[in-house]
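Only one structure is covered here, and it is reproduced in the block below.
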Amino acid sequence: MYGNSSDFTQYQEADLAIRTAAATPHQLVLMLFTGLMDELTCAKGHIQAKRFERKATSISKCIDILNALTSALDYERGGELSLRLASLYDYCVYRLYDASHHLAVEQIDEVETILRNIQQGWEGMSA
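Structure, rendered in structure tokens:
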């Protein structure tokens, strides 16, 4: 169906753009979490396979997504919950920097556990 990987990549990017344009704010947060969790898995794989340049790219993407989640918080309406989420996201960023520096998959596992719990909370809100 697709002649080369470039065609498939373009299709994926177009599909993401369409889904993003049609998404509610809640759906956008869930999409960010899905991408974040996928990228954390990639980062661990890159560390284990000693693909350090790709590891750095994956960690950077994770940090960018965490920063986007932080900037999306509504501190007026969210109050204390928003502040606590911002603190957790900041902690995860710190742990990812440290994991990247020390090539520590265990620290990425810790971040995954924290974020999976938050993701499940967001998913529960849509039910």
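Read in order, the letters of the sequence shown are residues 2 to 128 in this note's numbering.
Note that beta-carbon positions come from the ideal geometry of N, C-alpha and C, so glycine has one too.
Remember, it's a predicted structure, so these values are computed and weren't measured experimentally.
How would you call glutamine 108, buried or exposed, if buried means at least 16 neighbouring beta carbons within 10 angstroms?
buried
From the DSSP output, in three-state form, read off isoleucine 109 for me.
Note: isoleucine 109 maps to helix in three-state DSSP.
Is cysteine 93 near isoleucine 66, with beta carbons less than 8 Å apart?
no
Is the Cβ-Cβ distance between tryptophan 123 and phenylalanine 53 less than 8 Å?
It is not a contact, given that the beta carbons lie outside the stated cut-off.
For the putative contact between cysteine 63 and leucine 97, defined by C-beta atoms under 8 Å, what is the C-beta separation to the nearest angstrom?
So it is a contact: roughly 6 Å between Cβ atoms.
Other residues of its chain near glutamine 120: CB distance less than 6 Å, five sequence neighbours each side excluded:
Phe34
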